[in-house]
Amino acid sequence: DEETTHKSKNVSGSTAAYDIHVARETAELFQSNIFKLQIDELVEQVKLNDKHVLKVEKFLHRFYDLIQQIPDWEEKNITETLSYFKGKSVSIPFVDPKPAVASTNYKFNYKAPEVSLIGSFALKTGIYQPQGSSIDVLLTMPKELFEKKDFLNLRCLHKRSVYLAYFTYHLKDLLAKDKLDEFLTIEYSYLHDDPLLPILTLKCKASDEYKHELNFYKTKFSINLIIGFPYKIFESKKLLPNKNCIRIAKEDNDTPLPATSLYNYSVLSASAYESYLKYLYKCKKQTEAFREASILGRLWLQQRGFSSKISQSGGLGGFGTFEFSILMTVLLNGGGENGNKILLHGFSSYQLFKGVIKYLATMDICTEGHLQFHSDITYTAAVSKYVREGFQTPTIFDKSTKINILSKLSVSNYNILKFYAKETLSMLNDVVQDRFSNIFLTNIGRSDQLKYDLCYDLKFPTNGSAESDIISKFTATERIKYITIENFLVHKIISVIKYALSDRITNLEVQLVGHRSTFATNKRKPLITMSPGSQFNFDHIRIKLLINQEESEKLITKGPLHSEQASHASVLFKSFWGPKSSLRRFKDGSINHCCLWTTSSSEPVISSIVPFIISRHISEAIHVDNIITKKFQNLLPLPNLAASSKTSVLNMTSFFNIKKSFDDLYKIIFRMKLPLSVKSILPVDTSFRYTSLCQPVPFAYSDPKFFQNIILEFETSQKWPDEITSLEKAKTAFLLKIEEQLTSEHGTKYKSFFARDESIPFNLDVTTLNILTPEGYGFKFRILTERDEVLYLRAISNARKEATPALENTFLEFTSTYLASIRHTRTIENISHSYQFYSPVVRLFKKWLDCHLLMGHLKDELIELIAMKPFTDHYPYCIPGSVENGFLKILKFIAQWNWKDEPLILDLVKPDAAYEDQMEVSIGGSEINSETMKKLSEKLTLAQYKAIQSNFRNLRKDDPNGIHLQFFVASKNDPSGILYSSNIPLAIATRLTALAKVAVNLIQTHGLNSQTIDLLFAPGLKDYDFVVHLKVPNKLKISSGIITQSEFKNLTNIDAPSSFPTDLNELSQKMDPTYQLVKYLNMKYKNTMIFSSHKYIGVNGGTYGNENVITGLIKPLYKKQMKFKVNMDCNTKPVDAESVILNKESIYHEIAAFSSDLIVKFDLD
Amino acid sequence: MSDTEQKTKRVTTMKNGFIVIPFKLPSFDVLPSKHSCYHYLFAKKHESNNENEQNCLFVMNLPLLTNLDSIKSITSQICEKYDTVSHIENLMYNDEFGLNEVDLSVLTSDLMAENQDIIEKRFTPRNTALVKFVDKSSLNNCLNALKKYSTASKSDIFEWKYNSPSIETFINFYRPLDVEYLKEDVHTHLSLFEQREQQAQ
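Listed in order, the protein sequences are those of chains H and C.
Under my numbering, the letters of the first sequence match residues 11 to 1175, in that order.
Under my numbering, the letters of the second sequence match residues 86 to 286, in that order.
Quick look at the structure:
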């Protein structure tokens, strides 16, 4: 029998798996069809304007004629060359170091070049870009200008510089003759930021003023004139990446000179432009969707900040459209281990793009292997293949030219690229949500604070001391390896940071801010303006990090095992860390070298490490600046707990303590002998899901969230009264019994009292039992029975028509407070372990909301769900890894959220579950094991997602403009999407959006700094119709459990309550009367006005937590004259016998009378 | 009604028959006191077949925290001024904060169904109430006095005295409920409920 059951289970299991597989395939097909439509639209939108192309082509023809007119030159030696240019308006853009007159024996010359178009314009894969695009024109120097050995010691580069200068000089002359210089500007620049590759750039002046038929200003094109070498002019083998081609004198003859891979690449690639154009062109002809796919690649890379620039000088370079297209072509010609084709010519652009992304995401072409191919199109047997041999540098090796296409891509940038490819692959595999705009349309590089978790600015002092430190380390050997001191510095910084931070970070980028690569034609190289006497080509350096949340705050940097004979690793560790390094015995008995760090509430551990190593390994004089992180972390209320200023923002101990206290109480109540036995006792409040604005602090009963809600359920019973008041009284009877037993058995430790509860509108009979634990926490127990829901639903069906909406609202409140709160708390608690920064981020967001007086109008659950968006639905960004990153992403999301037309649908799952599930399907596809099934079941399915979308559409049918409900926030827990967001006044919802927009705008215009952060948290009181300033008699900050960093610890502790008062009536003295005042004002003037105030007076109520404001907004409808009606519900004065107007003065008097003891100032509009 | 507005014609009765009853408002230090401010109450004789609601005055826009005492006090002042007397019995349906707009108990109970129709048909809009007089003459006396008062000169307008809550009022919301009272309340209610239930069976 057992076997049969087993079998049948198996069958049904596989049937289900098969069904899911089919469903998934269908969904994928559907998704790719949608994608196809979106791609078509996108490609159409970015199409180059034909008229613009014609216009610029007309210029190019004329320009070609001009080039032909440049006279040939006579061969010149260095002295003659220099004297030729002396006093002329054009300088020779010699690369560093420029040729010495004494030792330069070779000759310089100019003969007419071969002119051709290369790049995407030639390939016709270019797109319209708002900032304009460039056209690459190749001028190939004739063969006769070179000698065989010219590849050595920069000789060919110097010849090219002279060639370029001569060309430029005559070109300027010819342009002037034709009066083309009126609208054209020409300047030198380094192509792809490569200091070995000066080119000439032509642009039209940014003005409509110059009327000329050839003026192509409106097309926004610019023209790059690139001087190339003839194909295979030098012996490629000698320029392999591991060869040295710049000879320098050195003392020690035994060690070989280092490889000059950057130089070799620069020389070789200058002779291969055309051959790659041919290689790509051939493939494009064979592959219909090639053009579209390369456009997709270009957009994808651009939105992530990647380009063909050399990454060795900082920034995200090394992989641009050219590299993408080459990779795609290579994969169309093979790419598998046996040379099997990864992509097929018949693929759609979607399939091609996805194929390239998948290859980047899943194949290692750096440490474990590389990709090789033949660019020579005449070589018919050319197949590309993956070879399991890694060169520790990203490699796509061209056997025809001996060029590694990825020479410009640093290892650390390769890792970032791979990371984005993985993220994108997950998005492409997502069959539930449409990810198109996240993949192609969002520019994630626009703000460093959104793209990265932490940013550090390295600032150099003006006295040049830091520079001399670095220059002293930049030896001749380093120079030939890295070419420039900037490249050397970037490399050095990346190496020390990687070693120092190791697994604390996942990715890093180093950017030279203010790096210049263009310069006037009368200059030899870019003008450097960092500081007087500076030799560096940048203003400052920015280090940008993505955090590994699991490891970033660990206290110990663990080094190698200690052994008597020092190993290489331990010597390295000790010398790297110097005085920081120490020995430490671990639990398992091993002794390791390690460094010990301290956590802090204001800064991450990384903020201690970075300045230490920069000072130790780069220069002591460099100032490391990261004021933003500190400022944001200090905005979080600091709990009045031991060593709280030394506690990391990721530390959850304060939350674990309240949970522990609850567990003890839970056991006591569970064991009680009651007429019905207890089925469950479930916490449903913020501290249990780590989201309370203030951390739980013992005895801090002024905190509005001090009493944490608990739902108690008994076993099923038929005896619950069938009428709501009696039901509530019966519940109270049970609570009374619990209280009785608690007092008699645990009265010395636990205190308790009863309170009225007004959380369910119109149910005035709810009583809660509030229990105070010996550890200093408070819990508010309420009882849920199986009868409640039935009765609330009955009330709706019995009610007269006008009262139905109010009762439906009551039902919603009941559902959210008693039922959904359980699921919500469980889910958030569960998944927030995987999103370490969620807790501090959501708490900061709550503080921001309360600063702006919005907390009183928004439910904690709603806020928590909105704050979860950047975590569970983080694409195209990463999961937030710092307080500021998460917080700013929330603001950005709200600012952009068009809630009228868009629902917020959240898939509340852990990150790995989501990711692995998709990876599995993408690779295997057919095999779905039980684990995957489980994960699939946790994630939102397409059907559930569609159902939620249709709920939203139905809602908007009745309320198209979102007048009644603005924020539709749904998840598996609440497919209705309205549970936590009904009842928000329209003015409050629009204010939230407006505030977020202002905040994002402020940051975009003025950047993040101390002032702008202060402004973000300053309430705009001028926007309201009136403001009432209040002061309460008791200071409530300390008793809310909050201290400020500067406060003297012992002093504040005296004021902080360390026990509960014997007479529990006294508790109320330290509670906030303004909260009740505002609540009743809102109830009284519900129809005409909206009152707001700070809900957390301890946090936002001034230095001592005893100040508050009430702001009033008069609803627009009541700002004008209205007809006198019996049901107008409004304090009015008559205008004539039929009309009235809002009696503001009377209302102000009522407010003044109502707040009489608390009011200090009344500001009227 | 500011001084300037006073110059324009004062409205004493609304077109649909409501008498406009002005009260001068007390001054507050925190509010600008350039001119006098007024609160306006609107009143009309209540017509109803409901036995409970005979001899009633339908009032709109009662000032903040008005209760039976304050309404008694101000009407007696007005009546006295016009040499008449009137006795108020009750202030009904005054639900300033909308706490009782819906009676969940009635709506969820089958046992209480007998009263349901009456209660449910009774619907008073927000910001209105009924002032019930002891008899018809009291009502008429008061109504006549109010009519006169509505046209009284500015100097004859009475000042309204608010019932201002103190800080304690707000803090009291946080005070523990008295356990003995609670026990008694639960006990009484549940035994009553049981009784009804038994009767119903």
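C-beta: ideal position from N, C-alpha, C; glycine also.
It should be emphasised that the depicted structure is a prediction, and the values quoted were computed from it without experimental measurement.
Starting from the C-beta of Ser420 (chain H), find all residues in its chain whose C-beta is less than 7 angstroms away, skip the five residues before and the five after it, and write them out in chain order. For the purposes of this step, residue 420 (chain H) is taken as residue 410 along the first sequence, with counting starting at 1. Taken in chain order, the residues that qualify are Ser321, Gln322, Gly328.
Classify Gln382 (chain H) as helix, strand or coil using the three-state DSSP reduction. For this step, residue 382 (chain H) is matched to residue 372 along the first sequence. Shown here, Gln382 (chain H) sits in a strand according to DSSP, grouped into three states.
At least one CB of chain C closer than 8 angstroms to the CB of Leu774 (chain H): is that the case? Position 764 of the first sequence, counting from 1, holds the residue named residue 774 (chain H). It does: the Cβ of Leu774 (chain H) has a partner Cβ on chain C nearer than 8 angstroms.
Cβ-based neighbour list, Ile998 (chain H), same chain, cut-off 6 angstroms, excluding 5 preceding and 5 following: As a working note, residue 998 (chain H) is residue 988 in the first sequence. Hits under 6 angstroms: His867.
Among residues of its own chain, excluding the 5 on either side of Gln78 (chain H), which ones have a beta-carbon nearer than 8 angstroms to its beta-carbon? In the first sequence, counting from the first residue as 1, residue 78 (chain H) sits at position 68. Here the set comprises Ala122.
Taking a Cβ distance cut-off of 8 angstroms, strictly less, list which residues of the segment 1091-1117 of chain H are near chain C, in chain order. For the segment 1091-1117 of chain H, which is checked against every Cβ of chain C, the residues closer than 8 angstroms are Met1093, Lys1094, Lys1096, Asn1097.
Under a three-way DSSP split, which group does Thr270 (chain H) fall into? The count along the first sequence starts at 1 and reaches residue 270 (chain H) at position 260. Reduced to three states, the DSSP call for Thr270 (chain H) is coil.
Counting only beta-carbon atoms, is Asp1175 (chain H) nearer than 8 angstroms to chain C? Along the first sequence, read from residue 1 onward, the residue named residue 1175 (chain H) stands at position 1165. No, its Cβ sits nowhere closer than 8 angstroms to a Cβ of chain C.
Chain C residues whose Cβ lies nearer than 7 angstroms to that of Gln1086 (chain H): Here the question's residue 1086 (chain H) lines up with position 1076 in the first sequence. Under the 7 angstroms cutoff, chain C gives Phe255, Phe258.
I'd like to know if Thr742 (chain H) contacts chain C, where contact means its C-beta is closer than 8 angstroms to some C-beta of that chain. Counting from 1 along the first sequence, the entry for residue 742 (chain H) is found at position 732. Interface residue, yes.
Return the residue from the list H:Glu723, H:Glu302, H:Phe498, H:Thr434 that minimises the CA-CA distance to Ile367 (chain H). To locate residue 367 (chain H), count along the first sequence from 1; it is residue 357. Out of H:Glu723, H:Glu302, H:Phe498, H:Thr434, H:Thr434 has the C-alpha closest to the C-alpha of Ile367 (chain H).
What do you get for His578 (chain H), buried or exposed, if any count of 16 or more other CB atoms within 10 angstroms of its CB means buried? Counting from 1 along the first sequence, the entry for residue 578 (chain H) is found at position 568. His578 (chain H) should be labelled exposed.
Ser1103 (chain H): first and last residue of the uninterrupted beta strand (DSSP E) it sits in: Taking the first sequence and counting its residues from 1, one reaches residue 1103 (chain H) at position 1093. If you look at Ser1103 (chain H), you'll find it in the beta strand (DSSP E) that goes 1099-1103.
Pull up the CB-CB distance for Tyr1158 (chain H) and Ile454 (chain H), whole angstroms please, since I reckon it's below 8 angstroms. Looking up residue 1158 (chain H) in the first sequence gives position 1148. Looking up residue 454 (chain H) in the first sequence gives position 444. Their Cβ separation, rounded to whole angstroms, is 49 angstroms, which puts Tyr1158 (chain H) and Ile454 (chain H) out of contact at 8 angstroms.
Compare the C-beta of Phe716 (chain H) with all C-beta atoms of chain C and state if any pair is closer than 8 angstroms. In the first sequence, residue 716 (chain H) corresponds to position 706, counting from 1. Phe716 (chain H) does not count as touching chain C.
Closer than 8 angstroms, CB to CB, is Tyr247 (chain C) near chain H or not? Translated into the one-based positions of the second sequence, residue 247 (chain C) becomes position 162. Yes, contact with chain H.
Does Ala652 (chain H) pass the burial test, meaning 16 or more other C-beta atoms within 10 Å, or should it be called exposed? The residue given as residue 652 (chain H) occupies position 642 in the first sequence. Flag for Ala652 (chain H) reads exposed.
Rounded C-beta distance between Thr169 (chain C) and Ala230 (chain C)? I'm assuming under 8 angstroms. Stepping through the second sequence from its first residue, residue 169 (chain C) is reached at position 84. Stepping through the second sequence from its first residue, residue 230 (chain C) is reached at position 145. At roughly 5 angstroms, the Cβ-Cβ gap stays under 8 angstroms, so Thr169 (chain C) and Ala230 (chain C) are in contact.
Helix, strand or coil: how does DSSP classify Cys704 (chain H) here? Your numbering for residue 704 (chain H) matches position 694 in the first sequence. Here Cys704 (chain H) carries a coil assignment [DSSP, helix/strand/coil].
Applying the criterion that 16 or more other CB atoms from any shown protein chain within 10 Å of the CB defines a buried residue, is Arg257 (chain H) buried or exposed? For the purposes of this step, residue 257 (chain H) is taken as the residue at position 247 of the first sequence. Flag for Arg257 (chain H) reads exposed.
Below 7 angstroms between beta carbons is the criterion; list the residues of the segment 569-595 of chain H that meet it against any residue of chain C, in chain order. From the segment 569-595 of chain H, no residue has a Cβ closer than 7 angstroms to chain C.
Where Thr1003 (chain H) meets chain A, residues with beta-carbon distance less than 7 angstroms: In the structure shown, chain A cannot be found, because the protein chains are H and C.
Does Ser251 (chain C) have its Cβ less than 8 angstroms from a Cβ in chain H? As a first step, residue 251 (chain C) is located in the second sequence; it is residue number 166 there, counting from the start. Closer than 8 angstroms: yes.
If the criterion is Cβ atoms closer than 8 angstroms, does the pair Leu898 (chain H) and Gln459 (chain H) meet it? As a working mapping, residue 898 (chain H) is identified with position 888 in the first sequence. As a working mapping, residue 459 (chain H) is identified with position 449 in the first sequence. With a cutoff of 8 angstroms on beta-carbon distance, Leu898 (chain H) and Gln459 (chain H) are scored as near each other.
Give me the DSSP bridge partner(s) of Cys605 (chain H). Along the first sequence, one-based indexing puts residue 605 (chain H) at 595. Residue pairing of Cys605 (chain H) in beta bridges, as defined by DSSP: H:Thr567, H:Ser591.
Mind checking which residues open and close the beta strand (DSSP E) that includes Thr1121 (chain H)? What you label residue 1121 (chain H) is simply residue 1111 of the first sequence in a count that begins at 1. From DSSP, the beta strand (DSSP E) with Thr1121 (chain H) extends over 1117-1124.
How long is the line joining the alpha carbons of Thr211 (chain H) and Thr528 (chain H), rounded to whole angstroms? Locating residue 211 (chain H) in the first sequence gives position 201, where the first residue counts as 1. Locating residue 528 (chain H) in the first sequence gives position 518, where the first residue counts as 1. A direct Cα-Cα distance of roughly 9 angstroms separates Thr211 (chain H) from Thr528 (chain H).
DSSP beta-bridge partners for Tyr125 (chain C)? Counted from its first residue, the second sequence places residue 125 (chain C) at position 40. Tyr125 (chain C) is bridged to C:Pro107.
Within its chain, find whatever has a CB closer than 6 angstroms to the CB of Phe642 (chain H); leave out the 5 residues flanking it on each side and keep chain order. Here residue 642 (chain H) refers to the residue found at position 632 of the first sequence. Excluding residues up to 5 positions away in sequence, Val893, Glu894 lie with their Cβ nearer than 6 angstroms to the Cβ of Phe642 (chain H) in the same chain.
In this structure, what does DSSP give as the bridge partners for Gly345 (chain H)? Translated into positions along the first sequence, residue 345 (chain H) becomes position 335. Gly345 (chain H) has H:Lys351 as its beta-bridge partners, per DSSP.
Let me know the secondary structure DSSP gives Lys469 (chain H) once reduced to three states. Within the first sequence, residue 469 (chain H) is the residue found at index 459, counting from 1. Looking at Lys469 (chain H) - three-state DSSP - the assignment turns out to be strand.
Quick check: the segment 1135-1152 of chain H against the segment 122-141 of chain C, are at least 3 beta-carbon pairs closer than 8 angstroms? When Cβ pairs closer than 8 angstroms are counted between the two stretches, the segment 122-141 of chain C is seen to touch the segment 1135-1152 of chain H, the count reaching three or more.
Residue of H:Gly1108, H:Ile1124, H:His180 minimising C-alpha distance to Pro649 (chain H): Residue numbering aside, residue 649 (chain H) sits at position 639 when the first sequence is read from its first letter. Considering only alpha carbons, the answer is H:Gly1108.
Could you give the distance in angstroms between the alpha-carbon of Asn1011 (chain H) and the alpha-carbon of Thr1003 (chain H)? Along the first sequence, read from residue 1 onward, the residue named residue 1011 (chain H) stands at position 1001. Along the first sequence, read from residue 1 onward, the residue named residue 1003 (chain H) stands at position 993. If you draw a straight line from the Cα of Asn1011 (chain H) to the Cα of Thr1003 (chain H), it is about 12 angstroms long.
With H, G and I counted as helix, E and B as strand and the rest as coil, what does DSSP make of Gln718 (chain H)? Stepping through the first sequence from its first residue, residue 718 (chain H) is reached at position 708. Strand at Gln718 (chain H).
Just tell me which of H:Ile838, H:His843, H:Asp732 has its CA closest to the CA of Thr795 (chain H). Taking the first sequence and counting its residues from 1, the one referred to as residue 795 (chain H) is at position 785. Of the listed residues, the one whose Cα sits closest to Thr795 (chain H) is H:Asp732.
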